[in-house]
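Data block below; observations after.
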Amino acid sequence: MAFSGEAGDTVQFAEYIQANVQLYSMRNEAELSPSAVASFVRGELARSLRSRRPYTVNLLLGGVDPITEKPSLYWLDYLAALAPVPYAAHGYAQYYCLSILDKHHHPDITLEQGLKLLEMCTDELKRRLPIDFKGVLVKVVRKDGIEEVPFDNKRPADKCSDIKFDNFLSKQHQFPAYQTTYTMAKRPAETSLEGSSPINSPTSKRARVEDPEDEQRLQHQHRSRSPLGERRWEDDERNGKDILAAADQEEEEIEEGSIHGALDSDEEEAGEESAISAPARQTAPAEGYSDLYLDTIQRSVLDFDFEKQCSVSLSNINVYACLVCGKYYQGRGPKSHAYFHALDVGHHVFVNMETKKVYVLPEGYEVKSRSLDDIKYVVDPQYKKEEVAKLDKAVIDAWDLAGKRYRPGFVGMNNIKSNDYLNVIVQVLSHVRPIRNFFLLHQFPMPGTPQLPLRFGILVRKLWNPRAFKSHVSPHELLQEVALRSSKRFTLTQQSDPVDFLSWFLNNLHLSLGGSKKPSPTPTSVIHSAFQGHLRIESQAITARSDAANARLVFSESSETTSQTTPFLILTLDLPPTPLFQSTNAESIIPQIPLTTLLNKYNGLVASEKLSHRVRHRLLHPLPPYLLFHIKRFSKNKFVSERNPTIVTFPSPRSLDMSPYVEPNPSVCSAGEPILYDLVANVILDATVTAPGVGGNSESSSSGPTSSGTNANKAGVTGSTAMTAGAGAGNDKVSWLVQLYDKAMSVENERAHAQQHRGPEWLEIQDLWVKRTESETLFTREGYLMVWERRRAGADGKGMGKVKS
Numbered sequence: 007m008a009f010s011g012e013a014g015d016t017v018q019f020a021e022y023i024q025a026n027v028q029l030y031s032m033r034n035e036a037e038l039s040p041s042a043v044a045s046f047v048r049g050e051l052a053r054s055l056r057s058r059r060p061y062t063v064n065l066l067l068g069g070v071d072p073i074t075e076k077p078s079l080y081w082l083d084y085l086a087a088l089a090p091v092p093y094a095a096h097g098y099a100q101y102y103c104l105s106i107l108d109k110h111h112h113p114d115i116t117l118e119q120g121l122k123l124l125e126m127c128t129d130e131l132k133r134r135l136p137i138d139f140k141g142v143l144v145k146v147v148r149k150d151g152i153e154e155v156p157f158d159n160k161r162p163a164d165k166c167s168d169i170k171f172d173n174f175l176s177k178q179h180q181f182p183a184y185q186t187t188y189t190m191a192k193r194p195a196e197t198s199l200e201g202s203s204p205i206n207s208p209t210s211k212r213a214r215v216e217d218p219e220d221e222q223r224l225q226h227q228h229r230s231r232s233p234l235g236e237r238r239w240e241d242d243e244r245n246g247k248d249i250l251a252a253a254d255q256e257e258e259e260i261e262e263g264s265i266h267g268a269l270d271s272d273e274e275e276a277g278e279e280s281a282i283s284a285p286a287r288q289t290a291p292a293e294g295y296s297d298l299y300l301d302t303i304q305r306s307v308l309d310f311d312f313e314k315q316c317s318v319s320l321s322n323i324n325v326y327a328c329l330v331c332g333k334y335y336q337g338r339g340p341k342s343h344a345y346f347h348a349l350d351v352g353h354h355v356f357v358n359m360e361t362k363k364v365y366v367l368p369e370g371y372e373v374k375s376r377s378l379d380d381i382k383y384v385v386d387p388q389y390k391k392e393e394v395a396k397l398d399k400a401v402i403d404a405w406d407l408a409g410k411r412y413r414p415g416f417v418g419m420n421n422i423k424s425n426d427y428l429n430v431i432v433q434v435l436s437h438v439r440p441i442r443n444f445f446l447l448h449q450f451p452m453p454g455t456p457q458l459p460l461r462f463g464i465l466v467r468k469l470w471n472p473r474a475f476k477s478h479v480s481p482h483e484l485l486q487e488v489a490l491r492s493s494k495r496f497t498l499t500q501q502s503d504p505v506d507f508l509s510w511f512l513n514n515l516h517l518s519l520g521g522s523k524k525p526s527p528t529p530t531s532v533i534h535s536a537f538q539g540h541l542r543i544e545s546q547a548i549t550a551r552s553d554a555a556n557a558r559l560v561f562s563e564s565s566e567t568t569s570q571t572t573p574f575l576i577l578t579l580d581l582p583p584t585p586l587f588q589s590t591n592a593e594s595i596i597p598q599i600p601l602t603t604l605l606n607k608y609n610g611l612v613a614s615e616k617l618s619h620r621v622r623h624r625l626l627h628p629l630p631p632y633l634l635f636h637i638k639r640f641s642k643n644k645f646v647s648e649r650n651p652t653i654v655t656f657p658s659p660r661s662l663d664m665s666p667y668v669e670p671n672p673s674v675c676s677a678g679e680p681i682l683y684d685l686v687a688n689v690i691l692d693a694t695v696t697a698p699g700v701g702g703n704s705e706s707s708s709s710g711p712t713s714s715g716t717n718a719n720k721a722g723v724t725g726s727t728a729m730t731a732g733a734g735a736g737n738d739k740v741s742w743l744v745q746l747y748d749k750a751m752s753v754e755n756e757r758a759h760a761q762q763h764r765g766p767e768w769l770e771i772q773d774l775w776v777k778r779t780e781s782e783t784l785f786t787r788e789g790y791l792m793v794w795e796r797r798r799a800g801a802d803g804k805g806m807g808k809v810k811s
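First residue of the sequence shown? That's 7 in the working numbering, and the numbers climb one at a time after it.
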């Protein structure tokens, strides 16, 4: 490693690099390659360049790769620019040395020739620079180490004029033709870089000419511009020919070739183009090249689940995805990042993430091949009404690119760090029929539509995609929008309460879909039409007075009762306190309570204490198509948050009768007529699996925010801004999973014979893991959120709590 620059910086930086390289070798028992050391040095220079006191050091780094045993040389400057070069120099002397090296260096140079080149460089410096020449130190880098070689520093410079560079070359070791990689320009460019034309299509592998004379002229022109032409100058110089006359002849040939190239460029539409002209942008592929580059597409690396941001500029405007490496880049113009990526790496096929049009860069023409329809479908799946109608009627099996079998709608979701609370809510909402069908079929207008419903809709469509490239999806794009909209209240790195998130998500989704903030007699969005119901809250004030005779406090209820009707989205079910002492009966070690006992809270008779009031709740007709039950398991005292492990049991996941908890209304439902609900989703709290991250301050116990902003706390439900103890607020680290009802499997089992059942009708999903489970084991876990679906009315229109026809 040779360096130049400020004295203190050079010594300190060189010792720092040397120490770190040796430390790496001692730790890993392996030597770093020159390219790895060069990358490390460049990174350290770039880091110091952004600091207040950067290093002022220029370096030349050379070495032999221990694996390939090939030598390499790297040029670095104080601005952290790195370039592999065949020869290099630093400092003011480089202006004299590089011309000599450029003229006489070749790839097969020997050590003897290299030392002779070094003599020529030092003699040139002695003649040109007014310096007191103290001599040079010459070292040779070999694969066995560094060797210092003797060098005659006392030889006068005037003797250099008698030395001919070709004296020490034998005929069998004459310089070969220069390779393009090591050739430097001898004359200025014909046109400036700013005025250069765009690059032509790589389809033009050679000039398509029909005239033999034109073809010979192009070949002659190519030879005049090639390094062989430069070699001819050197041969003429050695043979004593007139160099000036040869130069004039070559200039005439170059001008003739440039004129011919211009004519070919003007006749491009006729099918003739120059072999040396710059490629141009195209509006359509060349004839016979319509499928060019499509074989380079790598479907196995494509992942469209991440946020659509350019990997270079981080912009989310006009983003294209490279179909070869899967990275995102902005734009497709001549100065865009996607254009540069196509030129630098050789990846030519890109898809627009909004329009789903496929383009070939750098040419810029659109590809309309039907073979790319599967990629466009994976970017944003689209469904027809007939396809959506069959989702709950027929079991559809699909296979990904790896040959793995999966069920559309029942696929795993990636837990990036601690976002399993969001995964279970998305899985639940994607199996609520009206919400699922709405986002599968509805086409949102791109301009003006909020990002929250757009990204949620894309995620739901990917969950039900029967032609996916992989058997799982990632909620990364939705998570970024949720973190932004919630002011980082819900993130992918911190555990949160699923019900707290569900409350926030339903309200924001309702408003984003155009829902009204004010109370409305009819639902104003698909969210309220699916989940919103009403309940009546009766409250009595409790007063306390002292009984002097008995020396105690006496509580009495007020004779006045206030009643109000409040909308709800989620109903909270309060668990009884955990027994202080454990039962000696082995069957009662884990406390259990029936679901119907918890629902008595809404029969209008059971009262609960709320601050200084006694409150009773009663559900009102008509009940919503879907009921969300939040089993409140977390309570927070003055010190810690406690979890209630009580198991909520129910005899069957089907036929839950809600009529005892609804106030009779003959105009809606006859008295005594059952209102039946079936379980479709069950969110489970899994305390046995440690999940990373613990949230804090996020705790809405149950949900039910109302669009009118009514204080729902009195009703036993809380708004999205109400904060109680939640799953993310305690000291316990928990994880979440969801159990989903497979309606299509149930339909096929009903059609088939009892001995021909295809399988269980319930699936359990935890992050990426999907497995079948039996309905008899649903209540054996700690349920946290239940989704019950109301049965549809029969032919007579009775028994489902609907308005009579």
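Beta carbons are placed, not taken as given, at the ideal position from N, Cα and C, and that holds for glycine.
Predicted model only: the values in this text are computed from it and were never measured.
Rounded to whole angstroms, what is the Cα-Cα separation between residue i and residue j?
i	j	result
S707	L691	Note that S707 has pLDDT 34, beneath the 50 cutoff, so the model's placement of it is unreliable and no number is given.
L625	H619	19 Å
E756	L519	37 Å
F444	F561	53 Å
G722	R495	Legend: pLDDT at G722 = 37, less than 50; position of this residue unreliable, value from coordinates given subsequently. Rounded to the nearest angstrom, the two C-alpha atoms are 24 Å apart.
M32	N26	10 Å
L752	Q501	Going by the sequence as given, residue 752 is Ser instead of Leu. Rounded to whole angstroms, S752 to Q501 spans 34 Å at the Cα level.
G521	L512	11 Å
K145	R58	35 Å
V70	K76	5 Å
L135	P72	39 Å
H623	E544	7 Å
M664	K333	52 Å
L508	V318	35 Å
G370	R338	7 Å
T62	L428	50 Å
Just checking my contact of residue i with residue j at CB under 8 Å: how many whole Å lie between their CB atoms?
i	j	result
L82	L51	7 Å
L579	K607	7 Å
N514	R491	6 Å
V355	V366	6 Å
P65	V47	Here residue 65 is Leu; the residue named in the question, Pro, does not match the sequence. Right, their Cβ atoms sit about 7 Å apart.
E767	K777	E767 to K777, Cβ: 13 Å. No contact.
Return yes when at least one heavy atom of the ligand MN lies under 7 Å from the C-beta of residue i, else no.
i	result
S665	Looking at this structure, you won't find the ligand MN or any other ligand, since it has none at all.
Using a Cβ-Cβ distance cut-off of 8 Å, determine whether residue i contacts chain B.
i	result
I137	Given the protein chain composition of this structure (a single chain), no chain B is represented.
Going by C-alpha distance, which of the options is nearest residue i?
i	options	result
S477	W405, T455, F450, I441	W405
S327	L769, S614, D311	Here residue 327 is Ala; the residue named in the question, Ser, does not match the sequence. The shortest Cα separation from A327 among L769, S614, D311 belongs to D311.
L774	V744, S531, H353	V744
P481	P527, V438, G418	G418
E313	L458, K122, I441	L458
D503	Q119, K638, E669, L55	K638
T567	I548, R558, D748	I548
L517	I576, T455, A550	T455
M359	C331, I323, V330, G370	I323
Y632	Y667, I533, R551, D553	I533
K423	R161, P597, S741, R56	S741
W794	A750, D684, K749, T694	D684
E780	L407, L791, D748, E754	D748
Q772	L682, V434, Y61, G49	V434
P666	L604, S614, P657	L604
D301	L378, A292, Q336	L378
(request) Examine the Cβ distances between the region 679–689 and the region 776–790 and report whether three or more of them are shorter than 8 Å. (result) yes
(request) Note down, one range per segment and in chain order, each alpha helix (DSSP H) of at least 4 residues found wholly within the region 549–618. (result) 601–605
(message) So within the region 477–546, which uninterrupted alpha helix (DSSP H) runs reach at least 4 residues, ignoring any that extend past its ends?
(response) 482–491, 504–518, 532–537
(request) Count the C-beta pairs between the region 640–656 and the region 458–466 that are closer than 8 Å, then say yes if the count reaches three, no if not. (result) no
(request) Could you pull out every unbroken beta strand (DSSP E) segment of at least 3 residues lying fully inside the region 23–94, listed in chain order? (result) 63–70, 77–82, 88–90
(request) Would you check if there are 3 or more beta carbon pairs closer than 8 Å linking the region 383–396 to the region 342–349? (result) no
(request) Can you check the region 361–403 for any beta strand (DSSP E) of at least 3 residues that lies completely inside it and give the ranges in chain order? (result) 364–366, 371–373
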